[in-house]
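Asks: Sharing a structure with you now.
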Amino acid sequence: MAILDTGPIWELVLYGAVKQLGFANLKGDLRYFLRPEAYQNCGDFLSTFAGKTTSASVVVELNGWIQRTRPKRGHPGLWELVYEEFRKMGMEEDVVKLLDMELDLVAKFGPTDVSLLEIARRNLTQRPVILTVDGALHAKCKKEQISSELLIEVCNPIY
């Protein structure tokens, strides 16, 4: 099972906005899909997982990122790309209640990252892998022996 953090989903949306919708003003926001091969490598990586999920908290973060983009008239198009990516991946969403999260972890990592860790813990039998751009989350996963991959490494694999 792949568990997607906000960063990788946002990068997919940005790529679609630039390539499909012609939002040239967002091209400078792309950090990982600078080459078509990087986008393809991410797709290849995700295709190896039967299940893909994320946290409802990630959707809230995506909303914040979309709301900060300009021009605002592009927001419906960006949301359409989010829907398209979720449909293509067969994305599931899981809810982790704040009161079910450890306070010290929320204070340190924020509720979104803690929700992703909790989803992974709940699904250990499915050998979850968290895909993120967040080095602190990646390190926490390694410390807890939860598989994690950084998007930069997925986009640019070393063979």
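Quick note, the sequence shown lines up with residues 1 to 159 if you use this note's numbering.
C-beta: ideal position from N, C-alpha, C; glycine also.
For leucine 30, which residues of its own chain have a beta-carbon under 6 Å away from its beta-carbon, when the five flanking residues on both sides are left out?
Replies: Locating residue 30 in the sequence shown gives position 30, counting from the first residue. Cβ within range, chain order: Leu14.
Asks: How far does the beta strand (DSSP E) with threonine 53 in it extend, from its first residue to its last?
Replies: The sequence position of residue 53 within the sequence shown is 53, counting from 1. 52-55 is the extent of the beta strand (DSSP E) around threonine 53.
Asks: Report, in whole angstroms, the separation of the C-beta atoms of valine 58 and threonine 112, which I expect to be a contact under 8 Å.
Replies: Counted from its first residue, the sequence shown places residue 58 at position 58. Counted from its first residue, the sequence shown places residue 112 at position 112. With a Cβ gap of about 6 Å, valine 58 and threonine 112 count as contacting.
Asks: If distances are taken between C-alpha atoms only, which option among Leu21, Ala24, Cys141, Tyr39 comes closest to proline 157?
Replies: On the sequence shown, residue 157 is found 157 positions in, with the first residue counted as 1. Proline 157 has its Cα closest to that of Tyr39, out of Leu21, Ala24, Cys141, Tyr39.
Asks: Should proline 71 go down as buried or exposed, given a rule of 16 or more other Cβ atoms within 10 Å for buried?
Replies: Position 71 of the sequence shown holds residue 71. So proline 71 counts as exposed.
Asks: Compute the Euclidean distance between the alpha carbons of glutamate 84 and leucine 117, then round it to the nearest angstrom.
Replies: In the sequence shown, the residue the question calls residue 84 occupies position 84. In the sequence shown, the residue the question calls residue 117 occupies position 117. Cα-Cα distance, rounded: 25 Å.
Asks: Which value, in whole angstroms, describes the spacing of the CA atoms of phenylalanine 86 and leucine 12?
Replies: To locate residue 86, count along the sequence shown from 1; it is residue 86. To locate residue 12, count along the sequence shown from 1; it is residue 12. So the alpha carbons of these two residues sit roughly 11 Å apart.
Asks: According to DSSP, simplified to helix, strand and coil, what is lysine 5?
Replies: Translated into positions along the sequence shown, residue 5 becomes position 5. What sits at residue 5 in the sequence shown is aspartate, not lysine. Three-state DSSP puts aspartate 5 in coil, outside helix and strand.
Asks: Once DSSP output is grouped into helix, strand and coil, what is the label at valine 95?
Replies: Taking the sequence shown and counting its residues from 1, the one referred to as residue 95 is at position 95. Coil, per DSSP.
Asks: Tell me the rounded alpha-carbon separation between isoleucine 130 and serine 148.
Replies: Counting from 1 along the sequence shown, the entry for residue 130 is found at position 130. Counting from 1 along the sequence shown, the entry for residue 148 is found at position 148. The straight-line gap from Cα to Cα measures roughly 5 Å.
Asks: Distance check for arginine 68 and glycine 16, CA to CA, integer angstroms please.
Replies: Taking the sequence shown and counting its residues from 1, one reaches residue 16 at position 16. Taking the sequence shown and counting its residues from 1, one reaches residue 68 at position 68. Cα to Cα, glycine 16 sits roughly 17 Å from arginine 68.
Asks: Anyone know if the C-beta pair for threonine 54 and methionine 91 falls short of 8 Å?
Replies: In the sequence shown, counting from the first residue as 1, residue 54 sits at position 54. In the sequence shown, counting from the first residue as 1, residue 91 sits at position 91. Yes, the Cβ-Cβ distance between threonine 54 and methionine 91 is below 8 Å.
Asks: Which class does threonine 132 belong to by DSSP, given the choice of helix, strand or coil?
Replies: Working through the sequence shown from its first residue, we reach residue 132 at position 132. If DSSP states are grouped into helix, strand and coil, threonine 132 belongs with the strands.
Asks: Opposite leucine 150 in the DSSP bridges: which residues?
Replies: As a first step, residue 150 is located in the sequence shown; it is residue number 150 there, counting from the start. DSSP lists Thr132 as partners of leucine 150.
Asks: Smallest Cα separation from arginine 122: which of Gly7, Asp94, Leu46?
Replies: Stepping through the sequence shown from its first residue, residue 122 is reached at position 122. With distances taken between Cα atoms, arginine 122 lies closest to Asp94.
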